[in-house]
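Participant: Would you mind keeping the following structure in view while I ask a few things?
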Amino acid sequence: MIVMNDEELKLSEEAFLWIKLNHKKLIEKFANTKEYSADTLPTTLFMAGSPGAGKTEISKRFVPRFKQKPIRVDADEIRAMCPGYTGTNAHVFQRAATKGVHILYTHALKNNINVIVDGTFSYSGVTENIKRSLDHGRKVEIFFVYQEPLQAWDFTQKREALEQRRVSKEIFINSFFKSRENVNEAKATFGSKIELNLIVKDFEKDLEQLEINIENIDQYIKKSYTKDELGGILI
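Take the sequence shown: its position 164, counted from the start at 1, is 163 in numbering that gives the first Met the number 0, and no numbers get skipped.
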């Protein structure tokens, strides 16, 4: 667990209040009604997987496949709007980003707009978000993107060097395991009401393996790790 100092706590609170006060600006930037219109059969698509797995790249590829353009909700892009955000202090803006995601997600549900939630799926409240979409009569899909953790971690390190967007080893490991746990739990809870899909990526070989409408992702992932093992091999 990351502990923030007094200055970081103050900045976190200021960012949260800024998002609340600027919710209209947030919607105008990411979900304006001129660009995004209602769909008669709206879809909610959740991305899932560890940092560095390639989720954002894939989520952007999904956008043109929709008949009505989907809102793509990305917490990293919301953080970047907040005053004081530098990339290296991403953890300070987690609460603000979560609030921003909630604002955009609620906007999509209320207006029957397709939405792609681009995140790790490792956060609390994912079950409630799925339920909200189902209660609105929406189709719900989860796309779990798996990348071998050494490759994914290497990618996050290279991205940090380029973009100053920092992901600590602790956050990476927690997301790696929690995202899988939450995805499997969601499928077990909602069953046939949602569709679970898996993309296994290999950046070194430039390959993707796709498994559609599965019950559990674990049987398709060849190598398993423990938290202690990952903590020991990630540099």
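C-beta: ideal position from N, C-alpha, C; glycine also. Predicted, not measured: the structure shown is a model, and the values here were computed from it.
Please return the same chain residues whose Cβ sits closer than 6 Å to the Cβ of residue 36, not counting the five positions on each side in sequence.
Facilitator: Result list for residue 36: 67, in chain order.
Participant: Where DSSP assigns a beta bridge to residue 195, which residues make up the other side?
Facilitator: According to DSSP, which records beta bridges pairwise, residue 195 is partnered with 141.
Participant: So residue 150 is in the alpha helix (DSSP H); what residue range does that whole segment cover?
Facilitator: Counting along the chain, the alpha helix (DSSP H) containing residue 150 begins and ends at 148-162.
Participant: Report the rounded CA-to-CA distance for residue 150 versus residue 176, giving the unit in angstroms.
Facilitator: So the alpha carbons of these two residues sit roughly 16 Å apart.
Participant: Since residue 20 is in the beta strand (DSSP E), which residue starts that stretch and which ends it?
Facilitator: Element bounds for residue 20: not the beta strand (DSSP E) but the alpha helix (DSSP H), 5-20.
Participant: Do you know offhand how far residue 233's Cα is from residue 168's?
Facilitator: Taking the straight line from one Cα to the other gives about 8 Å.
Participant: At the level of alpha carbons, what is the spacing between residue 51 and residue 110?
Facilitator: Cα-Cα distance, rounded: 32 Å.
Participant: Am I right that residue 89 and residue 179 are in contact with their C-beta atoms under 8 Å? What's the rounded C-beta distance?
Facilitator: With 8 Å as the limit, residue 89 and residue 179 do not qualify as a contact, their Cβ atoms being about 22 Å apart.
Participant: So residue 140 and residue 194 are in contact, right, with Cβ under 8 Å, and what is the actual spacing, rounded?
Facilitator: Indeed they touch by this definition, with Cβ atoms about 5 Å apart.
Participant: Can you look up residue 165 in the DSSP assignment and give me helix, strand or coil?
Facilitator: The answer is coil: DSSP assigns residue 165 none of H, G, I, E or B.
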